[in-house]
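Protein sequence lines correspond, in order, to chains A and B. Okay, so the first sequence: first residue is 1 according to the working numbering, each after it adds one. Okay, so the second sequence: first residue is 1001 according to the working numbering, each after it adds one. Idealized CB from N, CA, C, for every residue including glycine.
2 protein chains.
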Amino acid sequence: MYEVEVKVRADHETVRERLRELDARSLGTVTQEDFYYDAPHRDFAETDEALRIRREADDDDAVEVVTYKGPLVEQESKTRKEHETVVGNGETVDQLLSALGFESAATVHKERERYELDSYVVSLDTVTGLGEFVEVETETNESGVEPARVGAYEVLHELGLDPDDQIRTSYLGLLLEDE
Amino acid sequence: MYEVEVKVRADHETVRERLRELDARSLGTVTQEDFYYDAPHRDFAETDEALRIRREADDDDAVEVVTYKGPLVEQESKTRKEHETVVGNGETVDQLLSALGFESAATVHKERERYELDSYVVSLDTVTGLGEFVEVETETNESGVEPARVGAYEVLHELGLDPDDQIRTSYLGLLLEDE
Chain A
1 MYEVEVKVRA DHETVRERLR ELDARSLGTV TQEDFYYDAP HRDFAETDEA LRIRREADDD
61 DAVEVVTYKG PLVEQESKTR KEHETVVGNG ETVDQLLSAL GFESAATVHK ERERYELDSY
121 VVSLDTVTGL GEFVEVETET NESGVEPARV GAYEVLHELG LDPDDQIRTS YLGLLLEDE
Chain B
1001 MYEVEVKVRA DHETVRERLR ELDARSLGTV TQEDFYYDAP HRDFAETDEA LRIRREADDD
1061 DAVEVVTYKG PLVEQESKTR KEHETVVGNG ETVDQLLSAL GFESAATVHK ERERYELDSY
1121 VVSLDTVTGL GEFVEVETET NESGVEPARV GAYEVLHELG LDPDDQIRTS YLGLLLEDE
């Protein structure tokens, strides 16, 4: 599975209005805490990979997932191979990873307000320490990467945003840059 | 969490009769497929650790769990630190581990008939390629390891089995020895 994702800095109130005009379907708001790891045998900063446990919660429920992200496969967008699955207990996965020599690298905390528009998910992200961003995202197989990216650019245009403002650095990367 | 476990070779029919006499509660029978991994940065055979994905199925249902087992912490039994949690999709965890450089080492397939006796689980294991075994197992915290081991020996005696026949090598180890 490939994750195609385009991200820009943007004021949420303006984008929210545009989403209403476009009749985007609200998918609700969640908080996400992402715990990133360093590997004992590779420098993820160099190999451009990531391993994380995410705890996602809304008012009713919480779910924990473990995610591996491979290096960028397409430079025009933030497209990566992704392996992600729900886990019963995120703390146990943390203990398992620690026992294997993976070390806690950093935590990214954000509030994510999601909308569905065409076949894309538009996320209005408020990231602690970084500010407001808009992400346009979809999943596809290998041959679908290029059309999915073109479609994501179109969604950005519809929202009054400019693909040229795209930020290819992850929130984790942006936070580490700030340190 | 520590897993205290004592294992002997034993004919199941005799033990099954003894379990009936002792009014042990049947917990049903499952099949377990255990997929073990080699690490890219450590020799698990040397460090005496294990990482596996288990697919456990009964007639109605299947569940997949990921498990890390640390080195033996008590020589008198097969006691290890264990981190285990359910995962949504075992195949995705396999892809995630492969991407991180973990390689498939071996698969252990068994049928496991479980009983509850006192605070122990007694498993009648039929392991493909190895034959019939009985495991007496419980979970405890660090201070409970010694009493839990003594209790497991008592359960073995009750079942007409001898703790001196204990096999400390894992099924994986036994299968690899046979190769």
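The alpha helix (DSSP H) that contains arginine 20 of chain A, what's its start and end?
Position 20 of the first sequence, counted from the start, is the residue given in the question as residue 20 of chain A. That run of the alpha helix (DSSP H) goes 12-21.
Give me whichever residues DSSP pairs with serine 104 of chain A in a beta bridge.
Position 104 of the first sequence, counted from the start, is the residue given in the question as residue 104 of chain A. Paired residues: A:Tyr37.
Give the secondary structure of glutamine 1166 of chain B by DSSP, where H, G and I count as helix, E and B as strand, and everything else as coil.
The count along the second sequence starts at 1 and reaches residue 1166 of chain B at position 166. Looking at glutamine 1166 of chain B - three-state DSSP - the assignment turns out to be coil, as it is neither helix nor strand.
Is there a Cβ from chain A that is less than 9 Å from the Cβ of threonine 1079 of chain B?
The sequence position of residue 1079 of chain B within the second sequence is 79, counting from 1. No, threonine 1079 of chain B lies away from the interface with chain A (no Cβ there is under 9 Å from its Cβ).
Quick one: which residues of the segment 90-121 of chain A get their C-beta closer than 7 Å to a C-beta of chain B? List them in chain order.
Residues passing the 7 Å Cβ filter: Thr92, Val93, Gln95, Leu96, Ala99, Leu100 and Gly101.
Near valine 1073 of chain B, what residues of its chain come up, given a Cβ to Cβ distance below 8 Å and the 5 sequence neighbours on each side ignored?
On the second sequence, residue 1073 of chain B is found 73 positions in, with the first residue counted as 1. So the qualifying residues of the chain are Tyr1002, Thr1079, Arg1080, Lys1081 and Val1145.
Within the same chain, show all residues whose beta-carbon is closer than 8 Å to that of glutamate 21 of chain A, passing over the 5 residues directly before and after it, in chain order.
Residue 21 of chain A sits at position 21 when you count from the first residue of the first sequence. The answer is none, since no qualifying residue turns up.
Mapping DSSP to helix, strand and coil, what is serine 1026 of chain B?
Taking the first residue of the second sequence as position 1, residue 1026 of chain B is located at position 26. Here serine 1026 of chain B sits in strand by DSSP.
Counting C-beta neighbours from all protein chains within 10 Å, is the total for histidine 1041 of chain B 16 or more, i.e. buried, or is it exposed?
Position 41 of the second sequence, counted from the first residue, corresponds to residue 1041 of chain B. Answer is exposed; the Cβ neighbour count stays below 16.
Could you please tell me which residues of the segment 31-49 of chain A, in chain order, have their CB closer than 8 Å to any CB of chain B?
Of all residues in the segment 31-49 of chain A, Ala39, Pro40, His41, Arg42 and Glu49 have a Cβ within less than 8 Å of some Cβ in chain B.
Between the Cα of histidine 83 of chain A and the Cα atoms of A:Ala45, A:Tyr68, A:Thr140 and A:Leu117, which residue gives the shortest distance?
Locating residue 83 of chain A in the first sequence gives position 83, counting from the first residue. Per the Cα distances, A:Tyr68.
Just how far apart, CA to CA, sit valine 982 of chain B and valine 1015 of chain B?
Beyond the ends of chain B as shown, which are 1001 and 1179, falls residue 982 of chain B; an answer cannot be given.
What three-state label does DSSP hand leucine 1130 of chain B in the structure shown?
As a working note, residue 1130 of chain B is residue 130 in the second sequence. Of the three classes helix, strand and coil, the one that applies to leucine 1130 of chain B here is coil, per DSSP.
Can you list, in chain order, the residues of its chain whose CB lies under 7 Å from that of aspartate 1048 of chain B, leaving out five sequence neighbours each side?
Counting from one through the second sequence, the residue named residue 1048 of chain B turns up at place 48. Excluding sequence neighbours, aspartate 1048 of chain B sits near Pro1071 and Leu1072.
Measuring CA to CA, which of B:Gly1088, B:Gly1131, B:Gln1095 and B:Ala1045 is closest to valine 65 of chain A?
Reading the first sequence from its first residue, position 65 is the one you call residue 65 of chain A. Checking every option, the nearest Cα to that of valine 65 of chain A belongs to B:Gly1088.
What residues from chain A crowd round glutamate 1084 of chain B, counting only those whose CB sits closer than 7 Å?
For the purposes of this step, residue 1084 of chain B is taken as the residue at position 84 of the second sequence. Correct list: Thr92.
What in chain A is Cβ-close to valine 1087 of chain B, meaning under 9 Å?
Residue 1087 of chain B sits at position 87 when you count from the first residue of the second sequence. Going along chain A in sequence order, the residues near valine 1087 of chain B (Cβ under 9 Å) are Val66, Thr85, Val86, Val87, Gly88 and Val93.
Run down chain A in chain order and give the residues with a C-beta less than 7 Å from the C-beta of glycine 1070 of chain B.
Residue mapping note: residue 1070 of chain B aligns to position 70 of the second sequence, counting from 1. Per Cβ cutoff of 7 Å: Ala99.
Per DSSP, serine 195 of chain A forms a beta bridge with which residues?
Beyond the ends of chain A as shown, which are 1 and 179, falls residue 195 of chain A; an answer cannot be given.
In the DSSP output, what is valine 1006 of chain B paired with across the bridge?
The sequence position of residue 1006 of chain B within the second sequence is 6, counting from 1. In DSSP, valine 1006 of chain B forms a bridge with B:Val1136.
Measure the alpha-carbon distance for aspartate 23 of chain A versus glutamate 17 of chain A and round it to whole angstroms.
Position 23 of the first sequence, counting from 1, holds the residue named residue 23 of chain A. Position 17 of the first sequence, counting from 1, holds the residue named residue 17 of chain A. Answer to the nearest angstrom: the Cα atoms are 10 Å apart.
Would you tell me roughly how many angstroms separate the C-alpha atoms of leucine 1100 of chain B and leucine 1161 of chain B, rounded to the nearest one?
Locating residue 1100 of chain B in the second sequence gives position 100, counting from the first residue. Locating residue 1161 of chain B in the second sequence gives position 161, counting from the first residue. Going by the C-alpha atoms only, they are around 43 Å apart.
Along chain B, in chain order, which residues have C-beta atoms closer than 7 Å to that of leucine 172 of chain A?
Walking along the first sequence from the start, residue 172 of chain A turns up at place 172. Going along chain B, no residue has its Cβ under 7 Å from leucine 172 of chain A, so there is no contact; the nearest lies around 17 Å.
Considering glutamate 1084 of chain B, what are the terminal residues of the beta strand (DSSP E) in which it resides?
Here residue 1084 of chain B is taken as the residue at index 84 of the second sequence, counted from 1. Taken as a continuous stretch (DSSP letters only), the beta strand (DSSP E) holding glutamate 1084 of chain B covers 1079-1087.
Name the DSSP bridge partner or partners of arginine 1055 of chain B?
Taking the first residue of the second sequence as position 1, residue 1055 of chain B is located at position 55. Arginine 1055 of chain B is bridged to B:Glu1033 and B:Glu1064.
Would you say the segment 43-58 of chain A touches the segment 1049-1062 of chain B, given that touching needs at least three Cβ pairs under 8 Å?
Contact between the segment 43-58 of chain A and the segment 1049-1062 of chain B is absent, because fewer than three Cβ pairs lie under 8 Å.
Based on Cα-Cα distance, which residue from B:Leu1174, B:Tyr1120, B:Thr1126 and B:Tyr1171 lies nearest to arginine 1149 of chain B?
Stepping through the second sequence from its first residue, residue 1149 of chain B is reached at position 149. Comparing Cα positions, the closest option is B:Tyr1120.
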